[in-house]
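>
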Amino acid sequence: MIPTDPLVMHIDINSCFATIEQQANPFLRGKPVAVAASVKDFGCILASSIEAKRNGVKTGMRVKEGKQIEPQLIVLPCDPDKYRFIHHQLKQLLSTYTPDITPKSIDEFSLKFDKGNLVVIAQEIKQRIRAEIGQHISVSIGIGPNRFLAKTAAGIHKPDGLDVITMNNIQEVFEKLELTDLCGISFRNALRLNQVGINTARDFLNATQSQLKAAFKSITATYWYMRLHGQEIDSVPTHKGGLSNSYVLPHPTRPIEAFPIMIKLTHKLTERLRKEGYQAGFLLLAFSSAEHKHWHQGKRLIEPTNKAKAIIHEFHRLMNKSPFPEIKKITVFCGDLKPDTGLQLNLFQDEEEHRRVDHAVDAINHRFGLFTLVPAPMIHTKEYVPDAIAFGKM
Amino acid sequence: MSLTINEPVSVTMMYNHHQHKTIPIEMMWHNQHYPITEVGLHHTCHEGQVLKHIFSVTSKDIFFELSFNTSDLTWRLEKSDSN
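Protein sequences appear in the order of chains A and B.
Residue numbers for the first sequence, in our numbering: 1 to 394.
Residue numbers for the second sequence, in our numbering: 1 to 83.
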């Protein structure tokens, strides 16, 4: 039984990045378009247009693979400024309906209403998006009693869908869904559920708490039970666990040759740490090889820091422990974030100097653009690590 | 095929105070006039602290990306692409 009325709306821009590119350039409309991290063969496809999706081009594919499936595929580089602008415009438009808006990612919003006919509101939102933001931009809207069910409803018809999940139709809706169609149910979770006799989305909906406990063996079972029965448990603000930057190299590279790129990733990371007012107490460096093997090594810091030089020094030490002669992907991660109160007094003069250098560099780069002023080892890294939007982020 | 141009360009703008809309209506580049037939998208971005307005436009069967620098009030033709 769903205890509440469907007063949550989930809005999802269809094929977001590709649709925005088709909005910008009318000649791309109706054509198979993909936006990729790099337009070269090894580049990862971040979004494909509705036309490209119909022909089998999927997010996560390599550009080469996409072109093999769809030889007419037009591949464009990522333009984060454009996508962020549309995100803010959409947020502004949605804020005229309710103050309770949560951006779930660059292309998804969750809205909570106290009352009203949400279907009528959703239809008006669709019209206003086309009139005020872009005639080619379409959204799928789902309405449900909680965020999970609203998101599930938004995924039923794409593109341009509008669906409602209520206590009256939930059995019927889940009848048509696969377990892995549900957000949060990965292939592995589906296997866990299969082991306790839950084979379909409808079985999942009708499962008892004890069945779910047998499958998940943790508090997750209770969360799923509540979610499936319309209770809201996903509106709790999430705590920022860490910041990371990663980059896929154009070709397998020796770690020492990739060191300038690692420095650039770290500068980007520490600039974000300082901008958001954090210090990191834990660092992690991860490499992937061309053979899809993975290695990572972490380091807990005695003193939390956000100083680029100190963090690069630690990553350099970790890098020397890598077992790979050549690497294809670098990830730098800062965790155990603590507020940078600026109150910590430094015992050593050079620590204070590093802090002041970082702040001076930040001020210059803020005024003239990121990476205007860079350390010497980064001089030849201009074409690497461009601005990007990570999945699920803004 | 998309080409990066990055050259100064002359642009005629029109402001409609009823609709509160400002749109480029004509561009002159290499002594040739290009009437703007459609504005696909107008967005903004920052280069450091400089605010730029980016207009993605078409002139007949050519796509152009124009940028207006609000710091020195100059226009540049950033990209072009023929249909």
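We put the CB at the ideal spot given by N, CA and C, even for glycine.
As the structure is a computational prediction, the values presented were derived from the model and not from experiment.
Is it buried or exposed, histidine 296 (chain A), if we count other Cβ atoms within 10 angstroms and call 16 or more buried?
Position 296 of the first sequence holds residue 296 (chain A). Under this definition histidine 296 (chain A) is an exposed residue.
> For glutamine 279 (chain A), which beta-bridge partners are listed by DSSP?
Residue 279 (chain A) sits at position 279 when you count from the first residue of the first sequence. Answer is A:Lys338.
> In the DSSP assignment, find the unbroken alpha helix (DSSP H) run with phenylalanine 17 (chain A) in it and report its ends.
Residue 17 (chain A) sits at position 17 when you count from the first residue of the first sequence. Segment 16–24, the alpha helix (DSSP H) holding phenylalanine 17 (chain A).
> In chain order, what residues of the region 60–71 of chain B put their CB closer than 7 Å to some CB of chain A?
Phe63
> Straight-line CA distance for serine 80 (chain B) to methionine 1 (chain B)?
Along the second sequence, read from residue 1 onward, the residue named residue 80 (chain B) stands at position 80. Along the second sequence, read from residue 1 onward, the residue named residue 1 (chain B) stands at position 1. Using only the alpha carbons, I get a separation of about 8 Å.
> Measure the alpha-carbon distance for asparagine 6 (chain B) versus arginine 76 (chain B) and round it to whole angstroms.
Walking along the second sequence from the start, residue 6 (chain B) turns up at place 6. Walking along the second sequence from the start, residue 76 (chain B) turns up at place 76. Cα to Cα, the separation comes out at about 6 Å.
> Hey, how far is the Cα of lysine 21 (chain B) from the Cα of isoleucine 311 (chain A)?
In the second sequence, counting from the first residue as 1, residue 21 (chain B) sits at position 21. In the first sequence, counting from the first residue as 1, residue 311 (chain A) sits at position 311. So the alpha carbons of these two residues sit roughly 48 Å apart.
> For a test of the three-state rule: what should DSSP assign to isoleucine 2 (chain A), helix, strand or coil?
In the first sequence, residue 2 (chain A) corresponds to position 2, counting from 1. Here isoleucine 2 (chain A) scores only 47 on pLDDT, less than 50, and its place in the model should not be relied on; the value that follows carries that caveat. Note: isoleucine 2 (chain A) maps to coil in three-state DSSP.
> Taking Cβ-Cβ distances shorter than 9 Å, what residues in chain B pair up with threonine 372 (chain A)?
Taking the first sequence and counting its residues from 1, the one referred to as residue 372 (chain A) is at position 372. By Cβ distance, chain B contributes Gly48.
> Which whole-angstrom value is the C-beta distance of glutamate 26 (chain B) and threonine 12 (chain B), which I expect to be below 8 Å?
Here residue 26 (chain B) refers to the residue found at position 26 of the second sequence. Here residue 12 (chain B) refers to the residue found at position 12 of the second sequence. That belief holds up - the Cβ atoms of glutamate 26 (chain B) and threonine 12 (chain B) are roughly 4 Å apart, short of 8 Å.
> Which residues bound the alpha helix (DSSP H) around arginine 202 (chain A)?
Residue mapping note: residue 202 (chain A) aligns to position 202 of the first sequence, counting from 1. 201–205 is the span of the alpha helix (DSSP H), which, as asked, contains arginine 202 (chain A).
> Closer than 7 Å, Cβ to any Cβ of chain A: which residues of the region 21–53 of chain B, in chain order?
Glu38, Gly40, Leu41, His43, Thr44, Cys45, Glu47, Gly48 and Gln49
> Span of the alpha helix (DSSP H) holding valine 119 (chain A)?
One-based indexing of the first sequence puts residue 119 (chain A) at position 119. Unbroken alpha helix (DSSP H) run through valine 119 (chain A): 118–128.
> In terms of residue numbering, what span does the alpha helix (DSSP H) encompassing leucine 191 (chain A) cover?
For the purposes of this step, residue 191 (chain A) is taken as the residue at position 191 of the first sequence. Element bounds for leucine 191 (chain A): 187–195.
> Examine chain B for any beta-carbon lying closer than 8 Å to the beta-carbon of histidine 297 (chain A), and answer yes or no.
Here residue 297 (chain A) refers to the residue found at position 297 of the first sequence. Here residue 297 (chain A) is glutamine; the residue named in the question, histidine, does not match the sequence. No - not a single Cβ of chain B is within 8 Å of the one on glutamine 297 (chain A).
> Considering only C-alpha positions, which residue in the set A:Gly298, A:Glu314, A:Phe333 and A:Lys338 is nearest to proline 304 (chain A)?
Taking the first residue of the first sequence as 1, we reach residue 304 (chain A) at position 304. Answer by Cα proximity: A:Lys338.
> Asparagine 25 (chain A) CB to nearest chain B CB: under 8 Å?
As a working note, residue 25 (chain A) is residue 25 in the first sequence. By this cut-off, asparagine 25 (chain A) is an interface position.
> Identify, in the order they occur along the chain, each residue of the same chain with its Cβ nearer than 6 Å to the Cβ of threonine 147 (chain A), setting aside the five sequence neighbours on each side.
Here residue 147 (chain A) refers to the residue found at position 147 of the first sequence. Rather than threonine, the amino acid found at residue 147 (chain A) in this sequence is arginine. Contacts found: Val8, Ser110 and Asp234.
> Give the C-beta separation of asparagine 78 (chain A) and phenylalanine 17 (chain A) to the nearest angstrom, bearing in mind that I take them to be a contact with Cβ-Cβ under 8 Å.
In the first sequence, residue 78 (chain A) corresponds to position 78, counting from 1. In the first sequence, residue 17 (chain A) corresponds to position 17, counting from 1. It should be pointed out that residue 78 (chain A) corresponds to cysteine in this sequence rather than to asparagine. Indeed they touch by this definition, with Cβ atoms about 7 Å apart.
> Per the contact definition of three or more C-beta pairs closer than 8 Å, is the region 50–67 of chain A in contact with the region 84–94 of chain A?
no
> Residues of chain A with CB under 8 Å from asparagine 83 (chain B), in chain order?
As a working note, residue 83 (chain B) is residue 83 in the second sequence. Neighbours of asparagine 83 (chain B) on chain A, chain order: Phe27.
> Counting only beta-carbon separations shorter than 8 Å, does threonine 4 (chain B) have a partner in chain A?
Within the second sequence, residue 4 (chain B) is the residue found at index 4, counting from 1. Taking CB atoms only, threonine 4 (chain B) has no neighbour in chain A less than 8 Å away.
> Rounded to a whole number of angstroms, what is the C-alpha to C-alpha distance between tyrosine 15 (chain B) and isoleucine 23 (chain B)?
Residue 15 (chain B) sits at position 15 when you count from the first residue of the second sequence. Residue 23 (chain B) sits at position 23 when you count from the first residue of the second sequence. The alpha-carbon atoms of tyrosine 15 (chain B) and isoleucine 23 (chain B) are separated by roughly 7 Å.
> For a cutoff of 8 Å on Cβ pairs, would you count threonine 58 (chain B) as touching chain A?
For the purposes of this step, residue 58 (chain B) is taken as the residue at position 58 of the second sequence. Closer than 8 Å: yes.
> Within 8 Å, do at least three Cβ pairs link the region 222–241 of chain A to the region 200–212 of chain A?
yes
> Comparing C-alpha positions only, which one of B:Ser56, B:Ser67, B:His18 and B:His30 sits nearest to histidine 46 (chain B)?
In the second sequence, residue 46 (chain B) corresponds to position 46, counting from 1. The shortest Cα separation from histidine 46 (chain B) among B:Ser56, B:Ser67, B:His18 and B:His30 belongs to B:Ser67.
> DSSP has methionine 27 (chain B) in a bridge; who is on the other side?
Residue numbering aside, residue 27 (chain B) sits at position 27 when the second sequence is read from its first letter. The partner list for methionine 27 (chain B) (beta bridge, DSSP) reads B:Val11 and B:Tyr34.
> Any beta-carbon of chain B closer than 8 Å to the one on histidine 239 (chain A)?
Translated into the one-based positions of the first sequence, residue 239 (chain A) becomes position 239. In terms of beta-carbon proximity, histidine 239 (chain A) stays away from the interface with chain B, with every pair separated by 8 Å or more.
> Strictly below 8 Å CB to CB, what residues from chain B border histidine 366 (chain A)?
Position 366 of the first sequence, counting from 1, holds the residue named residue 366 (chain A). Within chain B, the residues near histidine 366 (chain A) are Gly48 and Gln49.
> Taking 8 Å as the CB-CB limit, is lysine 82 (chain A) close to chain B?
Here the question's residue 82 (chain A) lines up with position 82 in the first sequence. Chain B contact via Cβ: present.
> Isoleucine 36 (chain B) and histidine 43 (chain B) - do their beta-carbons sit closer together than 8 Å?
Looking up residue 43 (chain B) in the second sequence gives position 43. Looking up residue 36 (chain B) in the second sequence gives position 36. No.
> Counting only the same chain and skipping the five closest in sequence on each side, list residues whose C-beta sits under 8 Å from that of isoleucine 62 (chain B).
Within the second sequence, the letter at position 62 stands for residue 62 (chain B). The beta carbon of isoleucine 62 (chain B) is closer than 8 Å to those of Tyr34, Ser80, Asp81, Ser82 and Asn83 in its chain, skipping five residues each way along the sequence.
> Identify which residue in A:Lys31, A:Asp5 and A:Ser48 has its Cα closest to the Cα of isoleucine 13 (chain A).
On the first sequence, position 13 is the one that residue 13 (chain A) refers to. When each option's Cα is compared against that of isoleucine 13 (chain A), the closest is A:Ser48.
> Can you tell which of A:Arg29, A:Lys293 and A:Lys268 has its C-alpha closest to the C-alpha of isoleucine 327 (chain A)?
Looking up residue 327 (chain A) in the first sequence gives position 327. Out of A:Arg29, A:Lys293 and A:Lys268, A:Lys293 has the C-alpha closest to the C-alpha of isoleucine 327 (chain A).
> Going by DSSP in three states, isoleucine 219 (chain A) sits in which element: helix, strand or coil?
For the purposes of this step, residue 219 (chain A) is taken as the residue at position 219 of the first sequence. Correct three-state label for isoleucine 219 (chain A): coil.
> Which of the residues in the region 49–69 of chain A, read from start to end, lie with their CB under 8 Å from any CB of chain B?
none
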